[in-house]
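As structure tokens, the structure follows; a few thoughts come after it.
2 protein chains.
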Amino acid sequence: MRRRKRKQAQAGDYSRKHCTNGGRPVSETPHLTFDIDQPGMSKGHLVVPKGADCEALPLPVFSLNKGEGPRLLITGGCHGNELEGPIVARRLIDWLPEAQTCGRVIVVPVLNPPAVQAWSRNTVVDGLNLNRVFPGRADGSVTERIADAVSRLLLPMADIVFDLHSFGPNWDLPPSSTTHPIADADLMAKTVRMAEAFKFPMTLVWEHHDTSGMFDMLAHSQGKVFVCAELGGGTVGSEALAIYEVGVHNALIALGLVEGKAERPAFRQHKSNQTLETRSSDELKSPARGIFEPRCSVLDEVKQGDLIGILHPMDSLSANSIDLRASTTSIVCAIRSGAHVDVNEVVALLARPQSLKIYGG
Amino acid sequence: MRRRKRKQAQAGDYSRKHCTNGGRPVSETPHLTFDIDQPGMSKGHLVVPKGADCEALPLPVFSLNKGEGPRLLITGGCHGNELEGPIVARRLIDWLPEAQTCGRVIVVPVLNPPAVQAWSRNTVVDGLNLNRVFPGRADGSVTERIADAVSRLLLPMADIVFDLHSFGPNWDLPPSSTTHPIADADLMAKTVRMAEAFKFPMTLVWEHHDTSGMFDMLAHSQGKVFVCAELGGGTVGSEALAIYEVGVHNALIALGLVEGKAERPAFRQHKSNQTLETRSSDELKSPARGIFEPRCSVLDEVKQGDLIGILHPMDSLSANSIDLRASTTSIVCAIRSGAHVDVNEVVALLARPQSLKIYGG
């Protein structure tokens with residue numbers, strides 16, 4: 001496409017001069033600009049203090065306090081190229097004041113404004129992934145200071161956390177609620193039940209090894225129920241957003257925060273939902289460098305030998321394309337969009353029905 | 001999503017050390033490594049000479065020479081985050097040898113390997129947009145040298161060009177064949193007819209002002225028929241790729257290069273196709289800075305006042321979201337995926353049925 005403006009050209013926008021605190025006096029510790037404990041609805045900012053790399057950063061915060069009941073924190077915009085979360089969070093703020101009957105809900109639509117503005121997974125200023133630096137550091141770089149502010153001021157106010165992610169622009173994934181395996185069996189069972197309450201097409205128990213510094217690891221270590229909603233991948237479109245909003249509504253009903261009847265949203269041709277698990281060994285990796293062509297769709301059931309995708313070497317047209325096939329009966333839970341990949345880069349995640357015995361769910 | 005590898009971390013891969021010519025002797029002028037005029041199928045490389053910024057760059061080239069008939073050049077991978085083109089081109093190379101009955105087809109699946117490998121619209125090495133530097137410069141930076149090599153060695157071998165683009169990851173668009181308005185009425189009519197032969201859901205005559213240095217401008221100035229296929233946007237998935245391949249096959253049938261009966265591919269719920277035109281004044285721009293939420297889908301017909309999308313200011317939750325509405329009866333031909341946008345950034349392209357009188361099509 002011929003585009004006049006380039007988002008990437010703006011990647012440096014969040015330089016020192018743009019990270020302001022709106023003229024408010026600079027504080028050296030993270031703080032809220034409003035009384036979040038007041039009854040009813042309130043709005044303001046969580047101010048992440050300035051540091052060597054950036055001025056103070058105000059994160060917009062919404063709070064709706066209706067007394068006794070579940071204490072829920074909803075966050076979006078951890079990764080700047082996963083914008084389903086901020087949009088669904090922003091919609092939620094419109095209808096929650098009419099709908100919420102008890103408890104407390106705090107919503108932070110955008111945890112990482114510099115990344116969102118740059119349409120970048122990581123923070124542009126320091127190159128860090130916010131979801132790998134929890135609990136953060138008060139004297140660290142801006143990403144670490146965001147994590148520190150959230151960990152210290154907002155997380156203690158919640159017993160349950162919904163962190164609204166997506167698979168970003170270069171994967172396809174059905175709308176899903178996910179959790180990592182948790183050593184504490186009771187917390188694991190509670191978390192899986194909470195995840196299933198979204199009634200998304202897929203609930204996924206996802207084992208992988210790169211979990212150090214993740215927000216959910218911190219929350220789980222404090223005994224909190226933390227569900228990561230992975231709201232699809234690819235284009236952020238109106239149809240998918242409608243599904244996501246239904247899922248969040250379902251989860252709020254399950255918590256008793258709002259009244260209503262849960263709906264099971266349809267996704268493409270799939271009307272059922274299922275709880276799956278995937279392990280590191282279920283990752284399908286590219287056997288060579290080249291362009292990956294997806295040849296199946298998410299939620300497809302595949303048998304041993306079925307075609308998942310094709311790897312096209314692109315350095316020479318004399319090199320044959322390579323078929324990538326399923327090694328066992330599986331369900332395709334995520335597949336890479338057409339992209340240039342390196343050898344051993346993950347191009348699909350396969351899964352199987354969750355073993356109920358493990359988690360008592 | 002938790003991804004272990006970051007494409008952006010690889011953006012610098014195409015440094016001097018990676019731009020090699022595979023051990024072949026370096027030449028100071030662009031050249032082909034094989035005899036492209038030989039009858040039948042041949043494969044090799046178009047070597048873009050080394051420069052101050054990069055070693056020589058070999059672009060894989062496929063040629064199928066069946067004597068008299070149309071002379072067609074098909075190119076993909078001009079922009080590195082539009083990978084539908086390279087995949088469809090690569091598939092074409094598999095079936096064309098069996099199917100082509102006359103004429104000559106040259107296929108270059110990836111015009112800009114450094115951009116494709118970095119999943120970047122522009123070339124990483126020099127930051128340039130390949131589709132803004134034609135006809136290029138022999139002594140320029142690597143993007144300009146690619147344009148120069150293609151303009152001097154490949155373009156003269158073709159009377160017709162299909163350049164396979166897409167709208168990239170952060171727009172939605174139906175599979176389309178497009179052309180800019182052309183001053184030469186005969187060439188315009190021929191080009192629109194060629195574009196319509198793809199039988200995509202949309203044929204689009206697209207007026208905009210930022211056309212200097214575009215590949216089609218160069219080809220049109222030489223009297224060639226040049227169609228830009230804009231193969232959708234967002235996730236590169238298997239269903240969309242199937243539509244794209246049908247469209248290219250239809251166009252080859254129309255040229256008489258292959259035999260067969262054209263099909264009209266269905267796209268989502270739309271089974272018709274239409275020829276539309278859009279002008280600069282049809283661009284819908286964001287009235288403020290914030291996250292754009294699409295609220296309609298491509299090919300939707302909208303009337304004056306219908307909701308196109310919502311702009312959510314994100315710096316403060318006290319600022320109201322802003323509805324963006326259609327100013328007149330239109331068809332939505334492209335809509336921005338959910339993304340952070342600046343004030344006056346384009347978020348949708350509206351269109352109307354093409355005025356047949358203008359182009360005699």
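Quick mapping for you: the protein sequence lines, in order, are chains A and W.
Under the UniProt record's numbering, the letters of the first sequence match residues 1 to 361, in that order.
Under the UniProt record's numbering, the letters of the second sequence match residues 1 to 361, in that order.
Positions of the beta carbon are idealized from the N, C-alpha and C atoms, including for glycine.
Determine the chain A residues that contact residue i at a beta-carbon separation under 9 Å, and present them in chain order.
i	result
Ser297 (chain W)	Gly237, Ser238, Glu239
His312 (chain W)	Pro86, Ile87, Arg90, Arg91, Pro109
Phe226 (chain W)	Neighbours of Phe226 (chain W) on chain A: none; closest Cβ ~14 Å, over 9 Å.
Lys43 (chain W)	Ser316, Leu317, Ser318
Pro97 (chain W)	In chain order: nothing, as chain A lies at least about 12 Å away.
Pro30 (chain W)	Within 9 Å Cβ-Cβ: nothing; Pro30 (chain W) doesn't reach chain A, min ~18 Å.
Assuming contact is defined by CB atoms lying nearer than 8 Å, are residue i and residue j in contact in what I supplied?
i	j	result
Arg121 (chain W)	Asn81 (chain W)	yes
Pro135 (chain W)	Ala147 (chain W)	yes
Thr123 (chain A)	Lys66 (chain A)	no
Val133 (chain A)	Lys224 (chain A)	no
Trp119 (chain W)	Ile335 (chain W)	no
Met202 (chain W)	Thr211 (chain W)	no
Ala195 (chain W)	Ser177 (chain W)	yes
Leu164 (chain W)	Thr275 (chain W)	no
Glu84 (chain W)	Gly247 (chain W)	no
Glu301 (chain A)	Val205 (chain A)	no
Val88 (chain W)	Leu96 (chain W)	no
His312 (chain W)	Ser321 (chain W)	yes
Could you give the DSSP three-state label for residue i: helix, strand or coil?
i	result
Val142 (chain W)	helix
Ser247 (chain W)	First, the amino acid is wrong: residue 247 (chain W) is Gly here, not Ser. Helix at Gly247 (chain W).
Ala339 (chain A)	strand
Phe215 (chain W)	helix
Arg352 (chain A)	strand
His220 (chain A)	helix
Val26 (chain A)	Because Val26 (chain A) sits at a pLDDT of 45, beneath the cut-off of 50, its placement in the model cannot be relied upon, and the following sentence gives the value as read from the coordinates. Here Val26 (chain A) sits in coil by DSSP.
Arg289 (chain A)	coil
Asn344 (chain A)	coil
Asn273 (chain A)	coil
Glu55 (chain A)	coil
Ser281 (chain W)	helix
Pro156 (chain A)	helix
Glu239 (chain A)	helix
Pro60 (chain A)	strand
Evaluate residue i with the Cβ neighbour count: other Cβ atoms within 10 Å of its Cβ, from every protein chain shown; 16 or more gives buried, anything less gives exposed.
i	result
Thr235 (chain W)	buried
Lys190 (chain W)	buried
Ala115 (chain W)	buried
Val61 (chain W)	buried
Val227 (chain W)	buried
Lys199 (chain W)	buried
Leu28 (chain W)	For the sequence presented, residue 28 (chain W) should be read as Glu rather than Leu. Counting Cβ neighbours within 10 Å, Glu28 (chain W) comes out exposed, since fewer than 16 surround it.
Ser337 (chain A)	buried
Ala9 (chain W)	Since pLDDT at Ala9 (chain W) reaches only 34, below the 50 mark, its modelled position is unreliable, and the value read off the structure follows with that caveat. Classification for Ala9 (chain W): exposed.
Thr328 (chain A)	exposed
Ser316 (chain W)	exposed
Pro156 (chain W)	exposed
Asp282 (chain W)	buried
Arg90 (chain A)	buried
Gly256 (chain W)	exposed
Phe267 (chain W)	buried
Asn273 (chain W)	buried
Which chain W residues sit within Cβ distance under 9 Å of residue i?
i	result
Ile291 (chain A)	Gly77, Leu83, Pro86, Ile87, Arg90, Pro109, Val110, Val116
Pro201 (chain A)	Ordered by position in chain W, no residue passes the 9 Å Cβ test against Pro201 (chain A), which lies about 16 Å from the chain.
Give the residues of chain W in contact with residue i, contact being defined as C-beta atoms less than 8 Å apart.
i	result
Trp119 (chain A)	Asn170, Ala339, His340
Val60 (chain A)	According to the sequence shown, residue 60 (chain A) is Pro rather than Val. Going along chain W in sequence order, the residues near Pro60 (chain A) (Cβ under 8 Å) are Met314, Asp315, Ser316, Leu317.
Ser321 (chain A)	Arg90, Asp94
Pro287 (chain A)	Within 8 Å Cβ-Cβ: nothing; Pro287 (chain A) doesn't reach chain W, min ~16 Å.
Which chain A residues sit within Cβ distance under 7 Å of residue i?
i	result
Gly234 (chain W)	Gly234, Thr235
Pro174 (chain W)	What Pro174 (chain W) touches in chain A: nothing, since even the nearest Cβ is about 12 Å away.
Pro70 (chain W)	Correct list: empty, because the minimum Cβ distance to chain A is about 22 Å.
Pro49 (chain W)	Result: empty, since nearest Cβ-Cβ is about 18 Å, beyond 7 Å.
At a CB-CB cut-off below 7 Å, which residues of chain W make contact with residue i?
i	result
Pro265 (chain A)	Simply none; closest approach about 17 Å.
Pro181 (chain A)	By Cβ distance, chain W contributes nothing, its closest Cβ being about 14 Å from Pro181 (chain A), past 7 Å.
Pro135 (chain A)	The premise fails here: Pro135 (chain A) is roughly 17 Å from chain W at the closest Cβ pair, so nothing lies under 7 Å.
Review point. At which residue ranges does the region 159 to 203 of chain A contain complete beta strand (DSSP E) runs of 3 or more residues, listed in the order of the chain?
Key: Counting only runs of 3 or more, we get 160 to 165, 175 to 179.
Point to revise | Contiguous beta strand (DSSP E) assignments of at least 3 residues, all confined to the region 299 to 339 of chain W | key: Given a length threshold of 3 residues, each whole run of the beta strand (DSSP E) inside the region 299 to 339 of chain W is given here in chain order: 307 to 312, 322 to 325, 330 to 336.
Point to revise | Whole runs of the beta strand (DSSP E) within the region 89 to 129 of chain A, excluding any shorter than 3 residues | key: Those beta strand (DSSP E) runs which fall completely within the region 89 to 129 of chain A and span 3+ residues are 103 to 108.
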